[in-house]
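Visitor: According to the numbering used here, the first sequence is numbered sequentially starting from 3.
No residue lacks a Cβ here, since even glycine has one placed at the ideal position from N, Cα and C.
All values derive from a computational prediction rather than experimental measurement.
Right, I'll just put the structure down here and ask away after.
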Amino acid sequence: MQPRPLAAVAVAATAPFPPSWAHQVRAAATQGDFLHAIALFLRMRAADAPAAPRSAVPASLPAALKCCSALGLPALGASLHALALRSGAFADRFTANALLNLYCKLPAALCCSPSTDDAAGESLESIRKVFDDMPEKDPVSWNTVVFGYAEKGRHQEALGVFREMWTDGCRPNSFTLSSVLPIFAKCSDVRKGMEVHGFATRNGFIDDVFVGSSLIDMYANCTRTDYSVKVFDNLPWRDAILWNSMLAGCAQNGSVEDALGIFRRMLHSGVRPLPRTFSSLIPACGNFASLLLGKQLHAYVIFGGFDGNMFISSSLIDMYCKCGNVSIARHIFDRMQSPDTVSWTAMIMGHALHGPAREALLLFDRMELGNVKPNHITFLAVLTACSHAGLVDEGWKYFNRMSDCYGIAPSLEHHGALADILGRAGELEEAYSFISKMQIKPTASVWSTLLRACKVHKNTVLAEKVAKKIFELEPRSMGSHVILSNTYSCSGRWNEAAHLRRSMRKKGMKKEPACSWIELKNKRHVFVAHDKSHPWYERIIGALNVFSEQMVRQGYVPNTEDVFQDLEEEQKSHVLCGHSEKLAMVFGILNTPPGTTVRVMKNLRICVDCHTVTKFLSKIAERDIVMRDANRFHHFKDGNCSCGDFW
DNA sequence: CTAGGGTTAG
C-alpha cells in the first residue's frame, strides 16, 4: 500500500477541517484498525455532521464495507448496501466492488437470509445480483467474483465466470490466476493447472509471487513436486510465503528431507521463518517419526519465540506422540493457556495410542467440562482408546454420545472403530452383526478389523466367512490373506494355509517385508527381517542368544503362533530370532549407555513372541523400551507392557 | 475495492 501524501494534502485542503472524515476512515481501515474505522464512519453518519460533506459517503463506503467483511458484520453490511443504493454510491465501481467482496467473504452461516435454511445459496445469489446490477465492471469486479465462488467451493460457477470474463473482453491477470489455480489444486487437475501455467508464462505473470505460490501449491497437490521445484527455482525473488509453499509441498508429499532442505536454504538466504513454516514442518517430522529432528525443530520454535502459537503447539504434541515421547507431549499440552479442539484431540489420541488408554478418556471428560467441543476426529481418538483398553460399554456410550449430544453422524471410520472394540473384546458375533447392519456400506478395512479379531480369538469358522466378504470387496488384500492363513496355521489346518499361500503366489502377491528402525546419534538404522548382510547381524544374534538363556531360566517359551511357515518348532524359533524388531531393539541396547530408553519403530504389527521377548528384555537389560508398531505404541518396563498384553 | 502458504485419524 503506497502512501499518497499529495492526495491527502489536497483532500485536507478542501475539507472543512483536516483531515476529512473519509480520509480518516480510509486510513484506519488501511492500517487494519477495522473497529476504529467503522466507529468513525458511524459517528460521521450519526452526527449528520455539517462537517461531513455529501461526498464523504461515497468516499468512505468502500473502506467501511471492507471493515464489515473483515469483522464479519452482515447486518451492518446490508444496511450499508441499502445506503449505497439510496445515495447513488452504488454507481461508483469501488463501492460496488467492495459490496461484492462483502458477500464473497461472509461465511454462509453469517449471511442474513430470512429463511436461514439456504444461507449458502442466498450469498451466491447476492453476489450474482450485485454483479449483474453493477453499472460498470472492471477487472477487480471479475476477479472478486471468481475468487468468491472459488472460496465458497462453487468451482464450476467460478470457472464459468472465468470464461465469461474472457468473452466479455476482460483479460485475466495475476489476481484471477491465483484464484483459479487453487481450484485445480483441490481437484488435482494437473492438465488444467498446466494450461493456466502456460497462460501465466505467455502473459508475463510468471514472476508474480502470488501466481508462483499458487502454482507451487497446485503442483504439490497433484503430487508433482518436481514441477513445483521448477516454478520455485525460476522465480526472481522469493518471499517467506513462497518458501513456505514449497516447504509445505514437500512436507505434504512425504519428503521430510526435501522439506528440511528448503528450510535450511530459507534460513541461509536470511528469510525469517513464519509460524506456518513450523506447522508444516513439524507434522512431517512426526510422520517420519524422527524424535531427533523433532527435538531440533522444537528448540528452534522456542528460541524463535514461536511457542504460544496454537497450531505449532498442537503439531508439537502430535509429533512427540508419534515419535514415542508422550510425556513431553503432555508437558506441552499442560502448559497451553487455552487448548482448542485440535490440541485436545491430538493429546487424547496420544494417550490412546500409548496407553494407559484410561488417561485418554479422563482427558475427554475434562475437555467436555471445559466446554471445548469435540469433533468427529476427537471421537475417533476416544473410540481408539476404548478399543485399546477393551472397554466395550464405554465404546457404545461414546458412539451414541457423538450423535446424541453433538449431532455428529458416525462415519465409516467410527463404525470401524466400534467393530474393532467389539471384536478385540471377543464379542465376535456381535461385531459381525453390527457390521452387517451398518447404514454405510462396510469396506474391506472395516471387515478386516473383525478378521484380525477372529485370528486373536481363534474363531476359524467366522474368519472364513469374514474373509469371503473381504475378498469380494478387495480380492488382492494382502493383509487379509496373511491373517486368514495364520488363522488356519494356528488351528493346525496346514493344508488350507498352504493352499492359500499357493494362491497368493499365483496371484503374484508378495508380503510387505517387515522392517524396524532405530535412531542413534542423528542416524537412522534400518533392520529388515533376517538380513544377515547387516554389519551388526552376527553380534546382535550373539547377544540375543545370551539374553535368551537368561530368559529361558525365567520361564520364557518361544511363541511360534505368528510364524507363517510350516516348520519344525526349533526352526520356527530360529525364524523368530531374525524378526526385525528384535534386531533393532538389541542393536539399540548394545549401542546406548545403560538406562537409556530404547525407541524402536516397526512398519507392521509386533508379533506375539517379540512382545514377550521385549517384556523379558526390559527387565533383564533394565531398559525402558518403547516400540511403535503399525497399530500403537508399546511401553515396556520391568517386564510389563503398557498395552496390558491386549493389542 | 480483488489474490498465495498451516495443526488433529487411518
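What does the Cβ neighbour count give for residue 347, buried or exposed, with the cut at 16 atoms within 10 Å?
Guide: Buried, since its Cβ has 16 or more Cβ neighbours within 10 Å.
Visitor: What are the residues that DSSP puts in a beta bridge with residue 519?
Guide: Residue 519 is bridged to 528, 603.
Visitor: Using CA atoms only, rank isn't needed, just tell me which of 459, 467, 457 is closest to residue 435.
Guide: Comparing Cα-Cα distances from residue 435 to each of 459, 467, 457, the minimum goes to 467.
Visitor: Could you tell me whether the Cβ atoms of residue 187 and residue 223 are closer together than 7 Å?
Guide: Yes, the Cβ-Cβ distance between residue 187 and residue 223 is below 7 Å.
Visitor: Classify residue 169 as buried or exposed, calling it buried when 16 or more other Cβ atoms lie within 10 Å of its own Cβ.
Guide: Answer is exposed; the Cβ neighbour count stays below 16.
Visitor: If you scan the stretch 162 to 197 from start to end, which runs of the alpha helix (DSSP H) of 4 or more residues do you find wholly inside it?
Guide: Segments of the alpha helix (DSSP H) lying fully in the stretch 162 to 197: 176 to 188.
Visitor: Given residue 118, which residues of its chain have a CB within under 8 Å of its CB, disregarding the five upstream and five downstream residues?
Guide: Its pLDDT being 47, under 50, residue 118 is placed unreliably by the model, and the measurement read from it follows with that caveat. Counting only Cβ-Cβ distances below 8 Å, and skipping sequence neighbours, we find nothing.
Visitor: In whole angstroms, give me the CA-to-CA distance for residue 647 and residue 426.
Guide: Each residue's alpha carbon lies about 12 Å from the other.
Visitor: Does the stretch 616 to 629 touch the stretch 583 to 591, meaning 3 or more C-beta pairs lie closer than 8 Å?
Guide: In short, these stretches touch, since the Cβ pair count reaches three.
Visitor: Is the CB-CB distance between residue 437 and residue 414 below 7 Å?
Guide: No, the pair does not count as a contact, with Cβ atoms beyond the cut-off.
Visitor: For the beta strand (DSSP E) containing residue 638, name the first residue and the last one.
Guide: First-last of the beta strand (DSSP E) with residue 638: 635 to 639.
Visitor: How about residue 469 and residue 452: are their beta carbons less than 7 Å apart?
Guide: It is not a contact, given that the beta carbons lie outside the stated cut-off.
Visitor: Would residue 57 and residue 107 qualify as a contact pair, given that the criterion is a beta-carbon distance under 7 Å?
Guide: It is not a contact, given that the beta carbons lie outside the stated cut-off.
Visitor: Buried or exposed, going by whether 16 or more other CB atoms sit within 10 Å of the CB of residue 305?
Guide: With fewer than 16 Cβ atoms within 10 Å of its Cβ, residue 305 is classed as exposed.
Visitor: Rounded to a whole number of angstroms, what is the C-alpha to C-alpha distance between residue 161 and residue 232?
Guide: One C-alpha to the other measures close to 26 Å.
Visitor: Would you give the residue range spanned by the beta strand (DSSP E) that residue 629 belongs to?
Guide: From DSSP, the beta strand (DSSP E) with residue 629 extends over 627 to 630.
Visitor: Whose CA, out of 43, 218, 528, 202, lies closest to the CA of residue 190?
Guide: Among 43, 218, 528, 202, the Cα nearest to that of residue 190 is on 218.
Visitor: Touching or not, the stretch 314 to 326 and the stretch 296 to 305, by the rule of three or more beta carbon pairs under 8 Å?
Guide: The stretch 314 to 326, when compared against the stretch 296 to 305, does touch it at the 8 Å Cβ threshold.
Visitor: Under the rule that 16 or more other beta-carbon atoms within 10 Å means buried, what is residue 145, buried or exposed?
Guide: Buried is the call here.
Visitor: Can you list the alpha helix (DSSP H) stretches of 4 or more residues lying completely in the stretch 432 to 500, in chain order?
Guide: 446 to 458, 462 to 475, 480 to 492, all fully within the stretch 432 to 500.
Visitor: Compute the Euclidean distance between the alpha carbons of residue 345 and residue 357, then round it to the nearest angstrom.
Guide: Approximately 18 Å, taken between the alpha carbons.
Visitor: Within 10 angstroms of its Cβ, does residue 252 collect 16 or more other Cβ (buried), or is it exposed?
Guide: Looking at its Cβ environment, which holds 16 or more other Cβ atoms inside 10 Å, residue 252 is buried.
Visitor: When you compare the CB positions of residue 362 and residue 387, do they come within less than 7 Å of one another, or not?
Guide: Cβ distance < 7 Å, so residue 362 and residue 387 count as in contact.
Visitor: What would DSSP say about residue 643, mapped onto helix, strand or coil?
Guide: In this structure, residue 643 counts as strand in the three-state DSSP scheme.
Visitor: According to DSSP, is residue 1 helix, strand or coil?
Guide: Nothing about residue 1 can be read from this structure; the chain reaches only from 3 to 649.
Visitor: Going by the CB atoms, is the gap between residue 308 and residue 280 shorter than 7 Å?
Guide: Yes, these two residues count as a Cβ contact at 7 Å.
Visitor: Is the separation between the beta-carbon of residue 657 and that of residue 132 shorter than 7 Å?
Guide: Residue 657 falls outside the range modelled here, since the chain spans only 3 to 649, and no answer is possible.
Visitor: In three-state terms, what does DSSP make of residue 273?
Guide: Coil at residue 273, not helix or strand.
Visitor: Under DSSP, the alpha helix (DSSP H) around residue 621 begins and ends at which residues?
Guide: Unbroken alpha helix (DSSP H) run through residue 621: 610 to 622.
Visitor: Where residue 582 and residue 350 are concerned, what is the direct C-alpha to C-alpha distance, given to the nearest angstrom?
Guide: Roughly 30 Å between the two C-alpha positions.
Visitor: Regarding residue 553 and the ligand SAM, is the C-beta to nearest heavy atom distance less than 6 Å?
Guide: This structure lacks the ligand SAM, and indeed carries no ligand of any kind.
Visitor: Pick helix, strand or coil for residue 402, following the three-state DSSP scheme.
Guide: In the structure shown, residue 402 sits in a helix (DSSP, three-state: H, G or I).
Visitor: Identify, in the order they occur along the chain, each residue of the same chain with its Cβ nearer than 6 Å to the Cβ of residue 41, setting aside the five sequence neighbours on each side.
Guide: Nothing listed; no residue qualifies.
Visitor: For the stretch 535 to 553 and the stretch 598 to 612, state whether three or more C-beta atom pairs, one from each stretch, are separated by less than 8 Å.
Guide: Contact fails: fewer than three Cβ-Cβ distances are below 8 Å.
Visitor: Do residue 464 and residue 430 have their C-beta atoms within less than 7 Å of each other?
Guide: Cβ distance < 7 Å, so residue 464 and residue 430 count as in contact.
Visitor: Residue 100 and residue 64 look like a contact to me (Cβ under 8 Å); what is the Cβ gap, rounded to whole Å?
Guide: With a Cβ gap of about 4 Å, residue 100 and residue 64 count as contacting.
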